[in-house]
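Okay, so here's the structure we're looking at.
2 protein chains.
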Amino acid sequence: MGEFELIRRHFQRQRPARADVPLGIGDDCALLAPAPGQQLAVSTDMLVEGRHFLSTVDPAALGHKALAVNLSDLAAMGAEPLGFTLALALPQVDDAWLASFAQGLFALADTHGCELVGGDTTRGPLNLCLTVMGQVPPGLALRRAAALAGDDIYVSGTLGDARLALEVFRGGVALDAAAFTRVRERMERPTPRLALGLALRGVAHAAADISDGLSGDLAHILAASGVGATLHAPAVLQATSADLRGTGNPRALEYALTGGDDYELVFTAPSARRDAVAQAAIQAGVDVTRIGQIDAAPGLRLLDAQGREQALPGRAFDHFA
Amino acid sequence: MGEFELIRRHFQRQRPARADVPLGIGDDCALLAPAPGQQLAVSTDMLVEGRHFLSTVDPAALGHKALAVNLSDLAAMGAEPLGFTLALALPQVDDAWLASFAQGLFALADTHGCELVGGDTTRGPLNLCLTVMGQVPPGLALRRAAALAGDDIYVSGTLGDARLALEVFRGGVALDAAAFTRVRERMERPTPRLALGLALRGVAHAAADISDGLSGDLAHILAASGVGATLHAPAVLQATSADLRGTGNPRALEYALTGGDDYELVFTAPSARRDAVAQAAIQAGVDVTRIGQIDAAPGLRLLDAQGREQALPGRAFDHFA
Chain A
1 MGEFELIRRH FQRQRPARAD VPLGIGDDCA LLAPAPGQQL AVSTDMLVEG RHFLSTVDPA
61 ALGHKALAVN LSDLAAMGAE PLGFTLALAL PQVDDAWLAS FAQGLFALAD THGCELVGGD
121 TTRGPLNLCL TVMGQVPPGL ALRRAAALAG DDIYVSGTLG DARLALEVFR GGVALDAAAF
181 TRVRERMERP TPRLALGLAL RGVAHAAADI SDGLSGDLAH ILAASGVGAT LHAPAVLQAT
241 SADLRGTGNP RALEYALTGG DDYELVFTAP SARRDAVAQA AIQAGVDVTR IGQIDAAPGL
301 RLLDAQGREQ ALPGRAFDHF A
Chain B
1 MGEFELIRRH FQRQRPARAD VPLGIGDDCA LLAPAPGQQL AVSTDMLVEG RHFLSTVDPA
61 ALGHKALAVN LSDLAAMGAE PLGFTLALAL PQVDDAWLAS FAQGLFALAD THGCELVGGD
121 TTRGPLNLCL TVMGQVPPGL ALRRAAALAG DDIYVSGTLG DARLALEVFR GGVALDAAAF
181 TRVRERMERP TPRLALGLAL RGVAHAAADI SDGLSGDLAH ILAASGVGAT LHAPAVLQAT
241 SADLRGTGNP RALEYALTGG DDYELVFTAP SARRDAVAQA AIQAGVDVTR IGQIDAAPGL
301 RLLDAQGREQ ALPGRAFDHF A
């Protein structure tokens, strides 16, 4: 089977479903027509076997995750998905693998109306590169540089579950089967918080998605905004799942702060907008937890239940550390 | 050196130069603002060591080529470049390699005012994935499906030089040093025909870039348009360089038809627009050669100087063949 046949078989669907994708996969370029006056938000992520996923991963879960981590970047920008491109290097053509991968990929894409508009395939060590495109009205994007001293800091959902699953895989932590199934699902099929990102337009100041760990991704907001932050450890722990807290794991706080692969949002909003944040969370159907404040003084501080500063555990994940 | 430091050092430049890139590299997404009413053209390409380039390649040439092959897709669409994303998997952090790669990349990017707006880096087997974005007014994109029976078929520049260089590398063909330098340059630093693509808006019907070989890429136009074509072998040979023809290489025609890596344009235009095509070529500063016609009958035919049908040599390159 040739390269073009391979593409057609698994990835070329009917004509684009979206009216704002006048030309989809199969030409030199795809054509997109963002709504008049909207800006285009673009993000790219590359996933490598052994680094971003295990060789044993279910290909459907991988298809889901490869797109989810990209959609998560649109969510963090408050952008609405339009379409994405997919480039694949494959060590060999495995029909069953591709069918399963495509099923996981398209299930998530269809949930969010995000169209596959172009791609490339080649032989090589397994590598997936997706570039996602969305739209956002001028001035409403949630930029990392927009945090202001006095802002509240929030996170969506729960933190540290993906790290917990990884530790179970590594044999360092034991978990009952039901809990393992849940945290493994969180690691392999993260939920991009697109509805929350949209609902936070005009409410939140700065936002980022938590891919490398809360403390590391918050640090990017702080650096871009020229501010610092104080986090409250009990509040951070409140933003963890019962699966993580319930184990009595002494490293639950560390997993929440540095675990990585959460794909939740960390965002800041003025304290006068607490009701609006709560409304946005309800509208998006996801819990948010207020975990601290933005300070004028640079640096990231962590306070315990008694308000005493405690050391920040661990460090954010770095693909070249 | 951490991942973020690596990115900043080599790829993060001053604030975006383009006014229509309100937010460049460094946030969850970049923001682009295409001109009002224009459509967005998007293409992605993945390059793998040993498949698309040799391990011995000059990193500056690789930086050039990685972007050139993507810009070539915009050219084939008649689109004007806006920006691109770059995802890189690297086996290790090699500062000198990255500096040279970035130099080659940015030299070409700056020539065409195409801004690096986002990226990703990770450790892994060497892999480059670029996604390029451009803009084109609605209705003016040069689509593969737009060829009509009776259209002339043209190619830009010269064909087969990259293949000739590859054969010299492989030891199958001998070439004097000056000629080898020229054809190697053609292989390693292809010229995306962006000015020609723009000049052909409203003149050409269908277009594609020649990445896999003239006959294969023309076949995509024929399939998409539901037509056939007749090529004239002497005219195809006329669209080769003196370096290829001059060697008396008996496979010159085969290299021109199936060589690959040419990154010239193949396009069709009504015969009533021959003057306009000639004007577009002058405006773009590149030769174009008329090599045949589009037929209503499907299939691709090749005629010799006496008008007799001859067999099509070789086949187009397929990354999974």
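So the protein sequences, as listed, match chains A and B. Sequential numbering of the first sequence, starting at 1, is according to the UniProt record's numbering. Sequential numbering of the second sequence, starting at 1, is according to the UniProt record's numbering. We treat Cβ as the ideally placed atom computed from N, Cα and C, and that holds for glycine.
* Hey, is the stretch 123-137 of chain A in contact with the stretch 70-87 of chain A, meaning 3+ C-beta pairs nearer than 8 Å? -> They touch, by the three-pair rule.
* To do: Take the Cβ of Ala-108(A) as the centre, count every other Cβ of all protein chains shown within 10 Å, and call the residue buried at 16 or more, exposed below.
  => As a position in the first sequence, residue 108(A) is number 108, starting the count at 1. Correcting the residue identity first, residue 108(A) is Leu in this sequence and not Ala. Taking every protein chain shown into account, the CB of Leu-108(A) has 16 or more other CB atoms within 10 angstroms, so this residue is buried.
* Asked: At least one CB of chain A closer than 9 Å to the CB of Leu-312(B): is that the case?
  -> Along the second sequence, one-based indexing puts residue 312(B) at 312. Leu-312(B) does not count as touching chain A.
* **Close Cβ partners of Thr-44(A) (< 6 Å) along its chain, the five nearest in sequence each way excluded** => Translated into positions along the first sequence, residue 44(A) becomes position 44. A distance below 6 Å between beta-carbons, with the five flanking residues on each side excluded, links Thr-44(A) to the following residues of its chain, in chain order: Thr-131.
* **Where Ala-204(B) falls, given that 16 or more other Cβ within 10 Å makes a residue buried** => The residue you call residue 204(B) lines up with position 204 of the second sequence. Buried.
* To do: Below 7 Å CB to CB, which residues in the same chain sit around Pro-192(A) once its five sequence neighbours on both sides are set aside?
  => Against the first sequence, residue 192(A) aligns to sequence position 192. Ala-68, Leu-71, Ser-72, Ala-75, Tyr-263, listed in sequence order.
* What is the rounded straight-line gap between the Cα of Ala-321(B) and the Cα of Arg-182(A)? -> As a first step, residue 321(B) must be located in the second sequence, where it is residue number 321. As a first step, residue 182(A) must be located in the first sequence, where it is residue number 182. At Ala-321(B), the pLDDT of 38 sits below 50, so the modelled position is not reliable and the matter cannot be decided from this model.
* Would you verify that the beta carbon of Gly-26(A) is, or is not, closer than 9 Å to some beta carbon of chain B? => Here residue 26(A) is taken as the residue at index 26 of the first sequence, counted from 1. Between Gly-26(A) and chain B, the shortest Cβ-Cβ separation is below 9 Å.
* To do: Output the distance between the C-alpha atoms of Leu-47(B) and Gly-124(A), rounded to the nearest integer angstrom.
  => In the second sequence, counting from the first residue as 1, residue 47(B) sits at position 47. In the first sequence, counting from the first residue as 1, residue 124(A) sits at position 124. A direct Cα-to-Cα measurement between Leu-47(B) and Gly-124(A) gives close to 9 Å.
* **C-alpha gap between Gly-299(B) and Val-227(B), whole angstroms** => Translated into the one-based positions of the second sequence, residue 299(B) becomes position 299. Translated into the one-based positions of the second sequence, residue 227(B) becomes position 227. One C-alpha to the other measures close to 8 Å.
* Which residue from Val-117(A), Thr-121(A), Thr-111(A), Asp-110(A) puts its Cα closest to that of Asp-94(A)? -> The residue labelled residue 94(A) in the question sits at position 94 within the first sequence. Closest by alpha carbon: Thr-121(A).
* Asked: Among Pro-59(B), Ala-79(B), Asp-58(B), Gly-216(B), which residue has its Cα nearest to the Cα of Ala-30(A)?
  -> Within the first sequence, residue 30(A) is the residue found at index 30, counting from 1. Minimum Cα distance to Ala-30(A) is reached at Ala-79(B).
* **alpha helix (DSSP H) segments (min. 4 residues) lying fully within the UniProt domain "PurM-like C-terminal" (149-302) of chain B** => At a cut-off of 4 residues, the continuous stretches assigned as alpha helix (DSSP H) that sit fully inside the UniProt domain "PurM-like C-terminal" (149-302) of chain B are 161-170, 177-188, 194-199, 214-225, 233-238, 242-246, 252-258, 274-284.
* Tell me where the beta strand (DSSP E) around Phe-106(A) begins and ends. => Along the first sequence, read from residue 1 onward, the residue named residue 106(A) stands at position 106. Segment 95-111 is the alpha helix (DSSP H) holding Phe-106(A); no beta strand (DSSP E) there.
* Asked: Counting along the chain, where does the beta strand (DSSP E) carrying Pro-81(A) start and finish?
  -> Residue mapping note: residue 81(A) aligns to position 81 of the first sequence, counting from 1. Note, Pro-81(A): beta strand (DSSP E), 80-90.
* To do: List the residues of chain A that Cys-129(B) touches, going by C-beta distances under 7 Å, in chain order.
  => Taking the second sequence and counting its residues from 1, the one referred to as residue 129(B) is at position 129. Ordered by position in chain A, the residues that pass the 7 Å Cβ test against Cys-129(B) are Met-46, Ala-87, Cys-129.
* Asked: Using DSSP with H/G/I as helix, E/B as strand and the rest coil, what is Arg-308(B)?
  -> On the second sequence, residue 308(B) is found 308 positions in, with the first residue counted as 1. In the structure shown, Arg-308(B) falls within a coil segment according to DSSP collapsed to helix, strand and coil.
* **Distance between beta carbons of Ile-25(B) and Leu-82(B), contact taken as under 8 Å** => For the purposes of this step, residue 82(B) is taken as residue 82 along the second sequence, with counting starting at 1. For the purposes of this step, residue 25(B) is taken as residue 25 along the second sequence, with counting starting at 1. Leu-82(B) to Ile-25(B), Cβ: 14 Å. No contact.
* **Beta-bridge pairing of Gln-135(A) - partner residues as DSSP gives them** => For the purposes of this step, residue 135(A) is taken as the residue at position 135 of the first sequence. Within the DSSP secondary-structure output, Gln-135(A) pairs in a beta bridge with Leu-40(A), Glu-80(A).
* Asked: Does any CB atom of chain B fall closer than 9 Å to the CB of Met-133(A)?
  -> One-based indexing of the first sequence puts residue 133(A) at position 133. Met-133(A) counts as touching chain B.
* **Arg-9(B), DSSP secondary structure in three states** => As a first step, residue 9(B) is located in the second sequence; it is residue number 9 there, counting from the start. The DSSP-derived three-state label of Arg-9(B) is helix.
* Under 7 Å by beta carbon: chain B residues contacting Ser-100(A) -> Looking up residue 100(A) in the first sequence gives position 100. Correct list: empty, because the minimum Cβ distance to chain B is about 19 Å.
* **C-beta neighbour in chain B for Glu-49(A), strict 9 Å** => Counting from one through the first sequence, the residue named residue 49(A) turns up at place 49. With 9 Å as the cut-off, Glu-49(A) counts as an interface residue toward chain B.
* Check each candidate in Gln-238(B), Met-187(B), Pro-234(B), Ile-153(B) and name the one with the smallest Cα separation from residue 329(B). => Shown here, chain B extends from 1 to 321; a query on residue 329(B) therefore has no answer.
* Is it a yes or a no for the stretch 154-164 of chain B touching the stretch 249-268 of chain B, going by three-plus beta-carbon pairs under 8 Å? -> As far as the Cβ criterion goes, the stretch 154-164 of chain B touches the stretch 249-268 of chain B, which means the pair count is three or higher.
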